[in-house]
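Inspection log for the structure reproduced underneath, given as structure tokens.
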Amino acid sequence: MEERNKIALLEEELLQLTVKSSLVAPLENLTLLCSIWMRKMYNPDSLRAQLRSIWKTTKKFEILVAGQNLFTISFEDDEDLEQILEGCLWLFLKQLIIFDRLLQLIERNKIRLIHSPFWVKISPCPPECDKKDLMHTVGSTFGGVIRAEIKGEFCRIRVNLDVQKQLRRGIFVSPNSKGKFWLSFKYENLPNFFFCCGRMGHGLRIVQS
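What follows is the structure, encoded as structure tokens:
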């Protein structure tokens with residue numbers, strides 16, 4: 001009975017296809033890759049309109065769709081490109097826009113835009129700690145420091161965060177191996193943030209500055 005119920009596949013149905021990913025190419029190394037860290041659908045024309053309205057570049061830039069939730073942004077001037085990267089973070093519909101420089105041909109399925117720069121404010125440091133050493137040490141746990149600033153008792157560091165991971169609330173430090181202190185973190189200008197799981201992009205905004 002089971003043999004009768006089996007469906008015979010056509011010869012054409014037995015074929016196994018290999019799909020090659022298309023290539024995304026830069027324009028004279030003045031190109032950014034761009035993606036929105038959100039799950040909902042949105043109108044790409046709205047994104048284009050917003051970026052053209054808020055970016056004050058000296059020369060023109062072109063935004064092209066390179067895939068689902070993926071764009072290339074080509075600039076005529078390198079200073080304009082650097083200005084946009086320096087101004088990060090940028091938001092669209094209260095969601096994070098992630099950028100990366102496109103320097104060479106890359107297969108679309110190998111593109112992973114998951115890091116974005118954030119300023120992290122560190123609570124008052126123990127007097128035993130040298131602030132510069134402390135910022136370097138804390139920054140190394142984020143993969144390195146892009147920039148660091150000291151303002152009175154407070155320090156802040158600019159680091160690249162993996163937006164897939166939970167936001168850390170702080171870290172323990174041990175000055176000269178004598179006891180330990182808890183340093184809390186505050187992330188500046190967070191986009192939509194879900195307090196319960198500590199991840200970005202879930203729809204509940206927690207303001208920290």
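Going by UniProt numbering, the sequence shown opens with residue 1, and the numbers climb by one from there. By construction, the Cβ of each residue, glycine as well, lies at the ideal position given by its N, Cα and C atoms. This structure is a prediction, so every number in the text was calculated from the model and none was measured.
Distance, Cα to Cα, residue 149 vs residue 133?
-> 12 Å
Helix, strand or coil at residue 137 [DSSP, three-state] = helix
Give me the Cβ distance between residue 33 and residue 113, rounded to the nearest whole Å; I'm assuming they're in contact under 8 Å.
-> 6 Å
To which residues does DSSP link residue 186 through a beta bridge?
-> 121
Could you tell me whether the region 106-120 touches the region 78-98, using the rule of 3 or more Cβ pairs below 8 Å?
-> yes
Run the proximity test for residue 100: is its beta-carbon closer than 7 Å to any non-hydrogen atom belonging to the ligand FAD?
-> Ligands are entirely absent from the displayed structure, and the ligand FAD is therefore not among its contents.
Which residues does DSSP pair with residue 74 in a beta bridge?
-> 31, 62
Buried versus exposed call for residue 182 [16 or more other C-beta atoms within 10 Å across all chains shown] = exposed
Residue 24 burial status per 10 Å Cβ neighbour count (16 or more: buried) | buried
Quick one: residues in its chain with C-beta nearer than 6 Å to the C-beta of residue 70, no 5 flanking neighbours on either side, listed in chain order?
-> 35
Any idea what DSSP makes of residue 160, helix, strand or coil?
-> strand
So the beta strand (DSSP E) residue 50 belongs to, where does it begin and stop?
-> Taken as a continuous stretch (DSSP letters only), residue 50 belongs to no beta strand (DSSP E), being part of the alpha helix (DSSP H) at 44-54.
Is it true that the region 45-63 meets the region 122-133, where meeting means three or more beta-carbon pairs spaced less than 8 Å apart?
-> no
Which residue comes first and which comes last in the beta strand (DSSP E) that contains residue 142?
-> Residue 142 -> no beta strand (DSSP E), and no H or E assigned at all.
Inter-residue CB distance, residue 185 and residue 120 (contact presumed, cutoff 8 Å) | 5 Å
At what residues does the beta strand (DSSP E) containing residue 95 begin and finish?
-> 95-102
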